[in-house]
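Engineer: One structure follows; several queries about it will come next.
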């Protein structure tokens, strides 16, 4: 669902890193199965142009991706087995990490900036009930393609605001696909089509 955003963000970070570093190492996600996993890895190689891909796999789980990369790109690919004592992170641990990172990114004091419905990408449909945006996570954009940080939308007393630590230099907001509870920093995924076109959340 978020392949495009992940690929573009990774490519942008790699470009920044290459400007100041002699070596750039990309630790990709564990999404490797099915169409989504293959598409994600294909486009990351396509946009980041690595010199070497190291495929750490259990059994033959990465063979479809390895074959695809060797078929379509000139990149060198080497494989290695995952250490048998390495245990994948549990869902609980990953959830705890996400909460910790969001708590840091959205630490108090958050400033409330009044905003217009016209500042969003994607553009909000005319007549959208703005109350549906409450709690949505947004990227605060600077107008030259960079994300300054995160924000959370608030709609109170008929006024739409973004709560953020990155209001200075803000030129627009990129609507994310999750809603957050700022009291617990727990998140829920949101389908933007359902949100924007009035279907059940």
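Numbering (my numbering), first residue to last: 32 to 232. For glycine and all other residues, C-beta sits at the position ideal for the given N, C-alpha and C. Remember, predicted model here, so these are calculated numbers, not experimental data.
Within 10 angstroms of the Cβ of residue 185, are there 16 or more other Cβ atoms? Answer buried if so, exposed if not.
Structural biologist: Per the 10 Å Cβ criterion, buried.
Engineer: Report the rounded CA-to-CA distance for residue 73 versus residue 187, giving the unit in angstroms.
Structural biologist: Cα-Cα distance, rounded: 43 Å.
Engineer: What is the rounded straight-line gap between the Cα of residue 232 and the Cα of residue 181?
Structural biologist: For residue 232, the pLDDT reaches just 45, beneath the cut-off of 50, and the residue's location in the model is therefore unreliable, leaving the point undetermined.
Engineer: Starting from residue 110, follow the beta strand (DSSP E) in both directions and report where the run begins and ends.
Structural biologist: From DSSP, the beta strand (DSSP E) with residue 110 extends over 107–112.
Engineer: For residue 151, list the residues DSSP reports as bridge partners.
Structural biologist: According to DSSP, residue 151 bridges with 204.
Engineer: Mark residue 89 as exposed unless 16 or more other C-beta atoms lie within 10 angstroms of its C-beta, in which case mark it buried.
Structural biologist: Its Cβ having fewer than 16 others within 10 Å, residue 89 is exposed.
Engineer: Fully enclosed by the stretch 127–190, which beta strand (DSSP E) runs are 3 residues long or longer?
Structural biologist: Counting only runs of 3 or more, we get 142–145, 167–172 and 178–187.
Engineer: Return helix, strand or coil for residue 116, following the three-state DSSP convention.
Structural biologist: Coil, per DSSP.
Engineer: First and last residue of the alpha helix (DSSP H) that includes residue 60?
Structural biologist: No alpha helix (DSSP H) contains residue 60, which DSSP labels as neither H nor E.
Engineer: Ends of the alpha helix (DSSP H) at residue 45?
Structural biologist: Looking at the DSSP string, the run of the alpha helix (DSSP H) that includes residue 45 is 34–49.
Engineer: Per DSSP, residue 210 forms a beta bridge with which residues?
Structural biologist: DSSP lists 167 and 219 as partners of residue 210.
Engineer: Going by the CB atoms, is the gap between residue 93 and residue 76 shorter than 7 Å?
Structural biologist: Result no, Cβ atoms of residue 76 and residue 93 do not sit closer than 7 Å.
Engineer: Pop quiz: residue 204 and residue 172 are said to be a contact at Cβ under 8 Å. What is the actual Cβ separation, rounded to whole angstroms?
Structural biologist: Yes, they are in contact, since the Cβ atoms of residue 204 and residue 172 sit about 7 Å apart, within 8 Å.
Engineer: First and last residue of the alpha helix (DSSP H) that includes residue 54?
Structural biologist: Careful: residue 54 lies outside any alpha helix (DSSP H) and carries neither H nor E.
Engineer: Return the chain-ordered list of same chain residues with a C-beta closer than 7 Å to the C-beta of residue 97, the five sequence neighbours on each side being excluded.
Structural biologist: Here the set comprises 86, 108 and 110.
Engineer: To the nearest whole angstrom, what separates the beta carbons of residue 146 and residue 192, a pair I think is in contact under 8 Å?
Structural biologist: The pair is a contact, with the Cβ atoms about 6 Å apart (cut-off 8 Å).
Engineer: Considering only the alpha carbon of each residue, which of 177, 189 and 195 lies closest to residue 39?
Structural biologist: For the residues 177, 189 and 195, the minimum Cα distance to residue 39 belongs to 177.
Engineer: How far does the alpha helix (DSSP H) with residue 100 in it extend, from its first residue to its last?
Structural biologist: Start and end: 94–103.
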